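One gets my numbering by counting positions in the sequence shown from 1 and adding 37 to each. One structure is given here, and the rest of the page talks about it.
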Amino acid sequence: MILSNAWIVTMDDAGSEHERGWLHVEDGRIATVGSGDPPTPGEDLHGAVVTPGFVNTHHHLYQTLTRARAADADLFTWLKTLYPIWARIDDEMEYAAARCGLAELALSGCSTVFDHHYVFPRGVTGLVEAEVRAAEELGVRIAASRGSMDLGESDGGLPPDSLAEKIDDVLADTERVAALADGDRVQIVVAPCSPFSVTTRLMEESAALARRLGLQLHTHLAETVDEDAYCQETYGCTPVEYLERVGWLAEDAWCAHCVHLSQAEAERFGTHDVGVAHCPASNLRLGAGIAPVRALLDAGVRVGLGVDGSASNERGDLFFELKQALLIARGRGGPGAMGVREALRLATRGGAAVLRRDDLGSLEPGKRADFAVWRTDGLELGGAEDLVAALVLSGPHRVDRLFVGGDEVVRGGSLVNADEQEIAREHRKQAARLWR
Ligand SMILES: [Zn+2]
């Protein structure tokens with residue numbers, strides 16, 4: 038497959054772009070990228086912009102079933118309102134939720150999605166499988182997780198006791214789910230939920246298990262001032278100090294949010310190569326604060342973007358998140374705090390680095406052919422000269438085409454492998470079951 042007459046943003050180390058370029062895809066991978074006319078005529082993209090497919094580094098797909106609840110609450114109140122509802126989830130609901138969330142993300146140019154699932158009601162055993170099936174059917178990559186909570190209310194945690202699992206059950210099930218990983222379309226991550234819902238022992242044993250199985254580690258960290266106070270009160274230290282204590286300040290871990298980090302802690306993340314999933318829309322929605330992304334990037338930290346669950350960011354749209362990351366960085370640190378191409382890099386290369394996927398995130402020979410095609414002839418880009426800057430600053434409503442491993446997943450702004458309306462109908466039916 039050869040695609041020509043496009044502005045190709047490679048996101049290679051040098052930041053190379055081909056303003057009138059072409060792309061040659063073979064066997065699901067990028068074979069060559071070049072400027073001018075391709076060696077043999079290909080399909081004309083009529084001046085579209087082509088970027089690497091986006092990588093979402095933090096999500097809770099099941100939360101599409103519980104949007105806009107506790108709409109004015111802080112994190113802890115919001116969680117306490119929703120836990121009892123989430124406790125009723127089953128495989129069928131999860132499947133519908135995953136289809137909805139993954140479809141939304143694909144239509145925003147996202148080819149790889151990390152999902153942090155940590156609600157496992159007793160007796161419900163196929164939740165991760167349901168997500169993986171949804172991703173396979175839509176044609177997108179998924180990094181699914183066997184998350185966990187084992188610190189219930191009666192032991193000083195935030196979640197109700199009914200959602201607190203036993204450590205041995207968590208570890209055994211994580212090992213079972215790890216077999217779903219295929220080294221290509223499906224990745225599995227070990228992901229205990231947060232310092233206020235997981236015991237120290239489970240944090241430590243999760244790390245040991247992940248290292249034995251060669252899996253990445255993920256958790257929520259330093260999201261709100263309430264979490265900071267909880268850690269001071271319970272563990273006598275900051276969330277980052279706690280992370281170090283449980284052996285997680287390491288290159289195989291990444292954390293969501295990291296809003297409340299000191300300068301020294303941001304530097305410690307850089308020194309120890311811990312990754313960060315930056316989720317600006319969710320942090321703003323819950324009034325959690327603004328993560329020090331400039332400081333993290335200057336410290337050499339791997340930073341990717343996450344839309345976070347749709348109960349705290351009702352719009353599962355990675356392009357919207359990219360624009361939000363740019364605006365929020367400038368709001369915090371001034372106009373020089375983030376460049377437009379730097380924001381685009383967070384959504385692509387940055388996300389791939391966070392997931393430790395060096396085969397994704399850029400359009401270079403040998404990389405997997407995950408890329409998004411953005412039309413440039415619509416209303417919102419009129420008058421623009423630098424079309425890449427115009428895309429980032431406007432934030433398109435929908436991708437035109439999305440390819441994953443060379444396979445077309447979105448064409449003309451519509452899903453290739455599924456019917457969007459059918460997904461929406463089924464999703465509403467399952468949401469009604471959850472809320473009954
Ligand atoms: Zn989250």
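Beta carbons are placed, not taken as given, at the ideal position from N, Cα and C, and that holds for glycine. A quick note: this is a predicted structure, and the numbers were derived from the prediction, not measured.
For this session: Let me know the secondary structure DSSP gives residue 274 once reduced to three states.
Result: Three-state DSSP puts residue 274 in coil, outside helix and strand.
Problem set entry | Cβ pair residue 261, residue 111 closer than 8 Å | Yes, the pair counts as a contact, with Cβ atoms nearer than the cut-off.
For this session: Could you pull the start and end residues of the beta strand (DSSP E) that residue 342 belongs to?
Result: First-last of the beta strand (DSSP E) with residue 342: 340 to 342.
For this session: Starting from residue 431, trace the alpha helix (DSSP H) both ways and give me its first and last residue.
Result: Taken as a continuous stretch (DSSP letters only), the alpha helix (DSSP H) holding residue 431 covers 424 to 431.
Exercise. Given that a residue counts as buried once 16 or more other Cβ atoms are within 10 Å of its Cβ, and exposed if not, what is residue 182?
Worked result: The residue in question, residue 182, is buried, as its Cβ has 16 or more Cβ neighbours within 10 Å.
For this session: With residue 127 as the anchor, note down where its beta strand (DSSP E) starts and where it stops.
Result: Here residue 127 belongs to no beta strand (DSSP E), and DSSP marks it neither H nor E.
Problem set entry | Helix, strand or coil at residue 160 [DSSP, three-state] | Three-state result, residue 160: coil.
Exercise. What residues in its chain sit with their C-beta under 6 Å from that of residue 87, if we drop five residues either side in the sequence?
Worked result: Counting only Cβ-Cβ distances below 6 Å, and skipping sequence neighbours, we find 43, 45, 408, 410.
Problem set entry | Three-way DSSP call (helix, strand, coil) for residue 58 in this model | Looking at residue 58 - three-state DSSP - the assignment turns out to be strand.
Exercise. For residue 377, which of 460, 406, 431 has the nearest alpha-carbon?
Worked result: Cα-wise, what sits closest to residue 377 is 431.
Problem set entry | Alpha-carbon spacing of residue 445 relative to residue 425, whole angstroms | So the two alpha carbons sit approximately 22 Å from each other.
Exercise. Residue 428: which of 459, 357, 386 sits nearest, CA to CA?
Worked result: When each option's Cα is compared against that of residue 428, the closest is 357.
Problem set entry | Residue of 452, 462, 238 minimising C-alpha distance to residue 140 | Closest option to residue 140, Cα to Cα, is 452.
Exercise. Could you give the C-beta distance for residue 199 and residue 124, rounded to a whole number, given that I count them as a contact under 8 Å?
Worked result: Indeed they touch by this definition, with Cβ atoms about 6 Å apart.
Problem set entry | Stretch-stretch touch, CB-based, cutoff 8 Å, three pairs: the segment 210 to 227 with the segment 261 to 277 | Segments in contact, no.
Exercise. Per DSSP, what kind of secondary structure is residue 211 in: helix, strand or coil?
Worked result: It is helical.
Problem set entry | Unbroken beta strand (DSSP E) run spanning residue 285, endpoints | Looking at the DSSP string, residue 285 is not in any beta strand (DSSP E), and its letter there is neither H nor E.
Exercise. When you compare only the Cα positions, how much space is there between residue 344 and residue 350?
Worked result: Their backbone Cα atoms lie some 7 Å apart in a straight line.
For this session: Any chance you could list the beta strand (DSSP E) runs of at least 3 consecutive residues sitting entirely within the segment 236 to 277, in chain order?
Result: The segment 236 to 277 is shown to contain whole beta strand (DSSP E) runs of 3 or more residues at 253 to 258, in chain order.
For this session: Inspect the beta-carbon positions of residue 105 and residue 135 and report whether they are closer than 8 Å.
Result: No, these two residues do not count as a Cβ contact at 8 Å.
Problem set entry | Host beta strand (DSSP E) of residue 42 (start-end) | Segment 39 to 46, the beta strand (DSSP E) holding residue 42.
For this session: State buried or exposed for residue 143, treating a residue as buried only when at least 16 other CB atoms are found within 10 Å of its CB.
Result: Counting Cβ neighbours within 10 Å, residue 143 comes out buried, since at least 16 surround it.
Exercise. Do the segment 364 to 378 and the segment 151 to 160 meet, that is, are 3 or more Cβ pairs less than 8 Å apart?
Worked result: The segment 364 to 378, when compared against the segment 151 to 160, does not touch it at the 8 Å Cβ threshold.
Exercise. Does the Cβ of residue 305 have 16 or more other Cβ atoms within 10 Å, making it buried, or fewer, making it exposed?
Worked result: With 16 or more other Cβ atoms within 10 Å, it is buried.
Problem set entry | Touching by the beta-carbon criterion (3+ pairs, under 8 Å), the segment 60 to 79 and the segment 307 to 317 | Contact fails: fewer than three Cβ-Cβ distances are below 8 Å.
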